[in-house]
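Notes to accompany the following structure.
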Amino acid sequence: MNIKSDPQLEKLINLEEKRQSETWSLIASENEMFDEVREILGSKLNNKYSEGYAGKRYYNGNQFIDEIENLAISRTCEGFGANFANVQSYSGSPANQAIYKALLNPGDTVLGFDLNCGGHLTHGASVNFSGSYYNSITYKVDPQTELIDFEEVRKLAYEYKPKLIICGTTAYSREIDFQKFKEIATEVGAFLLADISHISGLIISNLHPSPVGIADVMMSTTHKQLRGPRGAVILSNSEEIMTKINKAVFPGLQGGPHNSTTAAIALCMKKVNSREYKDYCKRIVENRKVMQDVFVDNEIQVVSGGSDNHLLVLKVGTGRGRQVADELEKLGIIINANTIPFDPSSPFKPSGIRIGTPWITSRNIDSEKLTELTTKIVEIVKSTNI
Ligand code: DSN
18 MNIKSDPQLE KLINLEEKRQ SETWSLIASE NEMFDEVREI LGSKLNNKYS EGYAGKRYYN
78 GNQFIDEIEN LAISRTCEGF GANFANVQSY SGSPANQAIY KALLNPGDTV LGFDLNCGGH
138 LTHGASVNFS GSYYNSITYK VDPQTELIDF EEVRKLAYEY KPKLIICGTT AYSREIDFQK
198 FKEIATEVGA FLLADISHIS GLIISNLHPS PVGIADVMMS TTHKQLRGPR GAVILSNSEE
258 IMTKINKAVF PGLQGGPHNS TTAAIALCMK KVNSREYKDY CKRIVENRKV MQDVFVDNEI
318 QVVSGGSDNH LLVLKVGTGR GRQVADELEK LGIIINANTI PFDPSSPFKP SGIRIGTPWI
378 TSRNIDSEKL TELTTKIVEI VKSTNI
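Right, here's the structure in full:
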């Protein structure tokens with residue numbers, strides 16, 4: 018990249034781009050966006066303000082922005098098979114904030130997945146808005162199986178009568194049973210939110226069951242498996258709920274949408290609705306399986322004993338996750354230290370690492386390189402855990 022007016026910044030951007038090309042990111046939430054998506058993000062759509070929604074904008078001159086946003090909405094609905102979508106949220110956390118604002122009042126009870134067990138900050142962590150403005154209760158995994166403990170979900174739901182139950186994960190490697198969550202939500206009269214940010218590509222590709230038609234509301238970031246811009250989509254089959262969500266996004270929380278992002282979502286939703294993309298998602302899962310087999314063969318403990326999706330959480334010794342991550346970085350392998358269920362250490366010094374395969378799959382990693390990376394991870398985990 019050339020930035021004639023700012024060589025200092027040019028150098029830093031080029032260094033980061035070089036770092037990305039010379040290392041292998043196994044961070045489960047990261048990916049290489051489609052090239053054309055990246056081009057759209059630099060478009061002049063960015064110059065335009067367009068508070069409101071198509072046909073109801075506050076400023077003039079939005080005829081093309083309206084068409085672009087409508088295209089993004091219709092392709093998102095088609096891709097996920099949902100009736101209604103909002104594509105304006107700036108990213109995943111603001112999208113979840115908007116859903117809370119639409120469905121709850123401050124102080125209402127929310128039942129979400131524990132952060133240490135694989136949930137997300139916005140699912141009720143005490144340090145986050147979701148845990149400080151709302152009465153947050155969290156369910157965990159079963160300590161033996163390390164699978165979501167539905168008995169506990171039901172028990173807590175009956176005890177605390179949440180207004181919202183959240184099923185969604187950032188570090189959980191197993192299939193989510195949306196139907197079971199819905200049954201419990203219905204029994205206690207709660208809304209069900211499915212945060213599918215990590216698995217939306219697998220859902221679109223029919224490699225994971227879809228929550229559409231089950232959960233009341235769903236959301237996904239667009240930059241993980243979907244390879245789109247940093248943004249988010251919110252989906253529902255209920256017009257009533259989507260009307261509330263639209264109001265919560267704008268004017269409730271945000272001003273003008275980021276129109277380049279909206280256009281980039283329109284493109285990414287076209288691209289993911291293809292045979293080629295579905296094959297790509299299959300390869301994500303296959304690559305994860307290859308890695309998992311090597312870890313298991315080498316007696317490295319995998320949380321829950323395995324995975325059904327794109328990621329693995331490995332137990333690397335009490336408090337040793339960050340050390341493993343740092344050692345791997347020296348070898349050009351980028352992963353993140355992660356808590357494990359009931360982590361005996363702290364989130365700053367967690368006892369696991371999380372590994373995901375979307376980005377290496379986007380780079381068409383071959384089997385030789387995949388084996389090489391996996392072997393290095395095994396070596397570092399073993400040498401650190403002594
Ligand atoms: N930071 C993302 C992840 O790593 O899963 C979630 O927001």
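Quick note on the numbering used here: the sequence shown kicks off at 18 and runs consecutively. Glycine included, C-beta positions come from ideal geometry on N, C-alpha and C.
Anyone know if the C-beta pair for residue i and residue j falls short of 8 angstroms?
{"i": "Y117", "j": "I154", "result": "no"}
{"i": "I350", "j": "L43", "result": "yes"}
{"i": "K180", "j": "L252", "result": "no"}
{"i": "I85", "j": "A283", "result": "yes"}
{"i": "H215", "j": "T239", "result": "no"}
{"i": "T93", "j": "M236", "result": "no"}
{"i": "R337", "j": "S368", "result": "yes"}
{"i": "N276", "j": "N87", "result": "no"}
{"i": "F146", "j": "Q105", "result": "no"}
{"i": "G129", "j": "G136", "result": "yes"}
{"i": "N326", "j": "I382", "result": "no"}
{"i": "A174", "j": "I201", "result": "yes"}
{"i": "E68", "j": "S321", "result": "no"}
{"i": "A211", "j": "F195", "result": "yes"}
{"i": "W41", "j": "I377", "result": "yes"}
{"i": "K65", "j": "G78", "result": "yes"}
{"i": "M421", "j": "G323", "result": "Nothing about residue 421 can be reported from this structure: the residues present for the chain run from 18 to 403 only."}
{"i": "E344", "j": "T278", "result": "no"}
{"i": "T391", "j": "V289", "result": "no"}
{"i": "N19", "j": "P375", "result": "no"}
So what does DSSP say about residue i, is it helix, strand or coil?
{"i": "K73", "result": "strand"}
{"i": "F365", "result": "coil"}
{"i": "F312", "result": "helix"}
{"i": "G96", "result": "helix"}
{"i": "V333", "result": "coil"}
{"i": "R247", "result": "coil"}
{"i": "D105", "result": "Reading off the sequence, residue 105 comes out as Gln, not Asp. Residue state, collapsed to three classes: coil."}
{"i": "F359", "result": "coil"}
{"i": "Y156", "result": "strand"}
{"i": "L164", "result": "coil"}
{"i": "Q318", "result": "strand"}
{"i": "F130", "result": "strand"}
{"i": "V234", "result": "strand"}
{"i": "R371", "result": "strand"}
{"i": "F208", "result": "strand"}
{"i": "A354", "result": "strand"}
{"i": "S253", "result": "strand"}
{"i": "S110", "result": "helix"}
{"i": "Q43", "result": "Note on residue identity: the sequence assigns Leu, not Gln, to residue 43. L43 falls in the coil class under three-state DSSP."}
{"i": "G273", "result": "coil"}
{"i": "I183", "result": "strand"}
{"i": "L121", "result": "coil"}
{"i": "L224", "result": "coil"}
{"i": "L284", "result": "helix"}
{"i": "L348", "result": "coil"}
Can you tell which of the options has the C-alpha that lies nearest to the C-alpha of residue i?
{"i": "R247", "options": "M259, A281 and D233", "result": "A281"}
{"i": "I183", "options": "D233, Q161, E163 and I216", "result": "D233"}
{"i": "G109", "options": "V398, V333, K241 and R380", "result": "K241"}
{"i": "A342", "options": "V205, D125, Q114 and I352", "result": "I352"}
{"i": "V250", "options": "S91, D52 and S22", "result": "S91"}
{"i": "I397", "options": "F365, K347, T139 and G124", "result": "K347"}
{"i": "F365", "options": "S400, T203, P123 and T335", "result": "T335"}
{"i": "E192", "options": "Y150, E200 and P226", "result": "P226"}
{"i": "Y294", "options": "G206, D360, S60 and G96", "result": "G96"}
{"i": "N315", "options": "S291, R292, K288 and K393", "result": "K393"}
{"i": "Q309", "options": "T388, M259 and P268", "result": "T388"}
{"i": "D296", "options": "V307, N223 and L58", "result": "N223"}
{"i": "A99", "options": "Y107, S217, S38 and G269", "result": "S217"}
{"i": "A71", "options": "D360, T374 and G273", "result": "G273"}
Residues in its own chain within less than 8 angstroms of residue i by CB, not counting five upstream and five downstream?
{"i": "Q318", "result": "L331 and K332"}
{"i": "N355", "result": "A188, V330, G338, P367, G369, I370 and R371"}
{"i": "P123", "result": "Y150 and Y151"}
{"i": "L219", "result": "H225, Q242, C298, I301, V302, N326 and H327"}
{"i": "P160", "result": "P358 and F359"}
{"i": "N263", "result": "Y70 and N103"}
Which residues in the same chain have their Cβ closer than 7 angstroms to the Cβ of residue i, if we skip the five residues on either side of it in sequence?
{"i": "D131", "result": "T155, Y156 and K157"}
{"i": "G230", "result": "N254"}
{"i": "A142", "result": "L132 and G148"}
{"i": "Y75", "result": "E68 and G69"}
{"i": "A112", "result": "S106, M236, A249 and I251"}
{"i": "D166", "result": "Y156, K157, V158 and D159"}
Leaving out the 5 sequence neighbours to the left and right, which residues in its chain are closer than 6 angstroms to residue i when beta-carbon positions are compared?
{"i": "L209", "result": "I182, F198, K199, A202, A232 and D233"}
{"i": "A265", "result": "A115, K118 and A119"}
{"i": "A102", "result": "I90, T93, C94, V250 and L252"}
{"i": "R171", "result": "I201"}
Margin query: Please output, in chain order, the residues near the ligand DSN using a CB cut-off of less than 5 angstroms to any non-hydrogen atom of the ligand.
Written below: After applying the 5 angstroms Cβ criterion, the set is S46 and T187.
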